[in-house]
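Reviewing the structure listed below.
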DNA sequence: TAAACTAGACCGACCAGTCGGTTTAGTTTA
DNA sequence: TAAACTAAACCGACTGGTCGGTCTAGTTTA
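Residue numbers (this note's numbering), protein chains in the order written: chain A, 1 to 199; chain B, 1001 to 1199.
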């Protein structure tokens, strides 16, 4: 069986695992749920992954890989820092509007990171990279004279937290506030705080 | 047995439940863990609460009640909106610095809200109230002419998300960034975005 | 024909909640 | 005031069910 087919099979398992994860949470998600959801057999799942935990660790990698391609692309081409930030926000809006399930899963992984060292290590790395990426944008804006002299680390974290905060919309209602309007508001807000007055 | 003793017993259970919750997560937390942690017997716990779920639902109420006293106090006395906001932030810094365990538990409750209707309803209410409180402060600042004409709902949510974002520090490391420095940075940031230029 | 499966029985560990019984604190009786 | 009584508070062994992971015996795919 070729690599492609194997990748498809793995993706089939991970897709099922993702759906199960957001419905039940990690601890209450059953291998048999993944069996049902994926349409594969228990044997097949244990053929590709050696344990339940391995499945979910692979799920993190799967999505990190998907996201990092686009994210790195945003920073690579040199443009005004403000535009790069906007692209970043827009990417996550688009992501949210096309499918909220990944955001829901994220919450579960945060929770897991708090009590499992393997998940903690993996996510620590993911977030270090993500923060580094935002910091690069901020530094760029600072060096080019586009941005004020702000605390880059703290600002980067705030930006990240506001993006991750979209999880909130998957959980609760806020009057008629949409993620799009939310992100647009905080984009304006953040840029107002960052940019030097141009007049 | 008098009310006081009963309340003490319940607090003893809830304290233990909180510690167990952050160590194991909801689904993997065992009644026997609470037994061990509280020094009480299984029978005693089931005497006060009819199920595991009831214990944790009571835990939410317990802390909501504790927090709401202070929070409402901050808004009650009429002072400049910026000062009220600062007090809000300072309250959560103090809270975090004295004990991070409640922040960790919060994450678990968010996760639970995503898959359990009872927890969802309870937290929806908690957050509606909290958002309402922040909105009141923002409206106050707007009416008094202290603040610009911002999107109150979206700004309130962003403030809340940045506060809740302190959870991040219980999970991961960011270079040498502390919650205090983080909150101070975003306080400046937010106030800069909100306040009218005073010169 | 070897790898990639399917179906599902099975094992051992684990655990929420129950229940029969005991203790404690307080009240009534004689 | 001491014995008898009562109900709340509490104890912990036990049960019925659950589930991750294994394994077997056969089938399909490339």
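Cβ atoms here follow ideal geometry from the backbone N, Cα and C, with glycine treated the same way.
| Asked | Found |
| --- | --- |
| Expected contact under 8 Å - CB spacing of residue 1194 of chain B and residue 1150 of chain B to nearest Å | 6 Å |
| Spatial neighbours of residue 196 of chain A in its chain, beta-carbon cut-off 8 Å, leaving aside the 5 residues before and after | 145, 146, 147, 148 |
| is_contact[residue 1210 of chain B, chain A] using C-beta, thresh 7 Å | With chain B represented from 1001 up to 1199, any question about residue 1210 of chain B goes unanswered, as that position is not in the structure. |
| DSSP-derived helix/strand/coil call for residue 1147 of chain B | strand |
| Under the three-state DSSP convention, the category residue 1183 of chain B falls into | helix |
| Limits of the unbroken alpha helix (DSSP H) element including residue 1095 of chain B | 1081-1098 |
| Beta-carbon proximity check, residue 1031 of chain B vs residue 1017 of chain B, cutoff 7 Å | no |
| Residues, ordered as in the chain, of the region 93-110 of chain A that lie near chain B by beta-carbon distance below 7 Å | 104, 107, 108, 110 |
| Strand pairing of residue 195 of chain A, partner residues [DSSP] | A:147 |
| Where residue 1179 of chain B falls, given that 16 or more other Cβ within 10 Å makes a residue buried | buried |
| For residue 135 of chain A and residue 74 of chain A, the rounded distance between their alpha carbons | 13 Å |
| Proximal residues to residue 1009 of chain B (C-beta, below 8 Å), its chain only, five neighbours per side dropped | 1040, 1044, 1048 |
| Burial state of residue 122 of chain A (16 or more Cβ within 10 Å) | buried |
| Amino acids of chain A, ordered along the chain, whose beta-carbon sits closer than 9 Å to that of residue 1124 of chain B | 171, 172, 173 |
| Cβ contact check for the region 1154-1164 of chain B and the region 1060-1076 of chain B: 3 or more pairs under 8 Å | no |
| Three CB pairs or more closer than 8 Å across the region 1079-1095 of chain B and the region 1171-1191 of chain B | yes |
| Proximity test, residue 1125 of chain B beta-carbon vs the ligand FAD heavy atom, cut-off 6 Å | The ligand FAD is not part of this structure, which contains no ligands at all. |
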